[in-house]
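> Take a look at the following structure, please.
Residue numbers (this note's numbering): 1094 to 1360.
This is the structure:
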């Protein structure tokens, strides 16, 4: 739910629906969206938990790519367990936020942090794939160093998510006659700071990771195009060329999907 303006005040509106124009529309589609949310959470939790469990249990899967992939799955799992159910309840509950002040700030922090973890993990996977293809004889990153990279990803993600969590307000409107509790991000009298933060997030959580993914996959494609099978028969070379073309198309699709799915949307 997005508020009309700054922090709600007594007398600004006579009804909660005046403060949140989209509330009535959300409640109208509640019977449709609730089952879809439940299905989404169930599938995402099972899939991501299974992936994390497989990587943790099988030592043969303990390499840099799988650790970064597991970190991506762990972030998505936390999002589905801690954020999606509570934010869905907030969106479709006519009385607003019902989980207390502490959870209001915690969910705001975790929700933004898990998004940054996903983006940074995808960028790390792309860079690791480039290193594997470009330097096939070089020793892979040791698991302990992968742990340091994962820890750095989470530290950076939490740091990037801290400002909106800090500016998230828990506003109880019941004392002024509205049966509504608001948990929203307010940058009151700080529009320049909010604009600066938004620009920084566009750069750090979209432009830089997109460049990392694009450059890595373009470099992978270039390395594969330069390779050939020395002394191989024409049929084998044709199969190798066909495989390279498929790989190139897959990499192009990966970059486009990343760019479109993480494209910032206007509020």
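Ideal placement from N, C-alpha and C gives every residue a C-beta, glycine not left out.
#1: Give the list of continuous alpha helix (DSSP H) stretches no shorter than 4 residues that lie fully inside the segment 1125 to 1197.
#2: How do the segment 1128 to 1141 and the segment 1171 to 1186 stand: do at least 3 beta-carbon pairs fall below 8 Å, yes or no?
#3: DSSP three-state label for residue 1272, please.
#4: Answer yes if the segment 1252 to 1264 comes into contact with the segment 1222 to 1238, meaning at least three C-beta pairs across the two stretches below 8 Å, and no otherwise.
#5: Could you give the distance in angstroms between the alpha-carbon of residue 1106 and the alpha-carbon of residue 1187?
#6: Using the rule of at least 16 other Cβ atoms within 10 Å of the residue's Cβ for burial, across every protein chain shown, is residue 1282 buried or exposed?
#7: Going along the chain, which residues of its own chain have a beta-carbon closer than 6 Å to the beta-carbon of residue 1213, five neighbours each way excluded?
#8: How would you label residue 1310, buried or exposed, when you count the other beta carbons within 10 angstroms and need 16 or more for buried?
#9: To the nearest angstrom, how far is the alpha carbon of residue 1170 from that of residue 1145?
#10: To the nearest angstrom, how far is the alpha carbon of residue 1317 from that of residue 1223?
#11: Find the nearest neighbour of residue 1168 within the set 1258, 1244 and 1256, judged by alpha-carbon distance.
#12: Give me the Cα-Cα distance between residue 1307 and residue 1216, rounded to the nearest whole angstrom.
#13: For residue 1278, write down the residues that DSSP places opposite it in a beta bridge.
#14: Please say whether residue 1205 and residue 1258 have beta carbons closer to each other than 9 Å?
#15: Within this structure, are the beta carbons of residue 1236 and residue 1299 separated by less than 9 Å?
#16: What alpha helix (DSSP H) runs, 4 residues minimum, are completely inside the segment 1193 to 1260?
#17: At which residues does the alpha helix (DSSP H) containing residue 1306 begin and terminate?
#18: Helix, strand or coil for residue 1351 per DSSP?
#19: Among the candidates 1209, 1154, 1161 and 1284, whose CA atom is the shortest distance from the CA of residue 1219?
#20: By DSSP, does residue 1356 sit in helix, in strand, or in coil?
#21: Tell me the DSSP secondary structure of residue 1294 in three-state form.
Taking the coordinates as given:
#1: The segment 1125 to 1197 contains these whole alpha helix (DSSP H) runs: 1157 to 1171 and 1177 to 1185.
#2: Output reads yes: the segment 1171 to 1186 touches the segment 1128 to 1141.
#3: It is coil, neither helix nor strand.
#4: The answer is no - the segment 1252 to 1264 does not touch the segment 1222 to 1238, with fewer than three Cβ pairs under 8 Å.
#5: Here residue 1106 scores only 46 on pLDDT, less than 50, and its place in the model is too uncertain to base an answer on.
#6: Residue 1282 comes out exposed.
#7: Within the same chain, Cβ atoms closer than 6 Å to the Cβ of residue 1213 are found at 1246, the five residues on either side in sequence being excluded.
#8: Residue burial annotation: residue 1310 is buried, with at least 16 other C-beta atoms found within 10 angstroms of its C-beta.
#9: C-alpha separation (whole angstroms): 9 Å.
#10: For residue 1317 and residue 1223, the distance between alpha carbons rounds to 11 Å.
#11: Closest in C-alpha terms to residue 1168, from the list 1258, 1244 and 1256, comes 1244.
#12: Going by the C-alpha atoms only, they are around 9 Å apart.
#13: As computed with DSSP, residue 1278 is found in a beta bridge with 1261.
#14: Yes.
#15: For residue 1236 and residue 1299, no; Cβs fall outside 9 Å.
#16: Restricted to the segment 1193 to 1260, the alpha helix (DSSP H) segments that are unbroken, complete and at least 4 residues in length are 1193 to 1227 and 1236 to 1259, listed in chain order.
#17: Segment 1301 to 1319, the alpha helix (DSSP H) holding residue 1306.
#18: In the structure shown, the three-state DSSP call for residue 1351 is helix.
#19: Ranking the options by Cα distance to residue 1219, first place goes to 1161.
#20: Residue 1356 falls in the coil class under three-state DSSP.
#21: For residue 1294, the secondary structure class from DSSP, reduced to helix, strand or coil, is helix.
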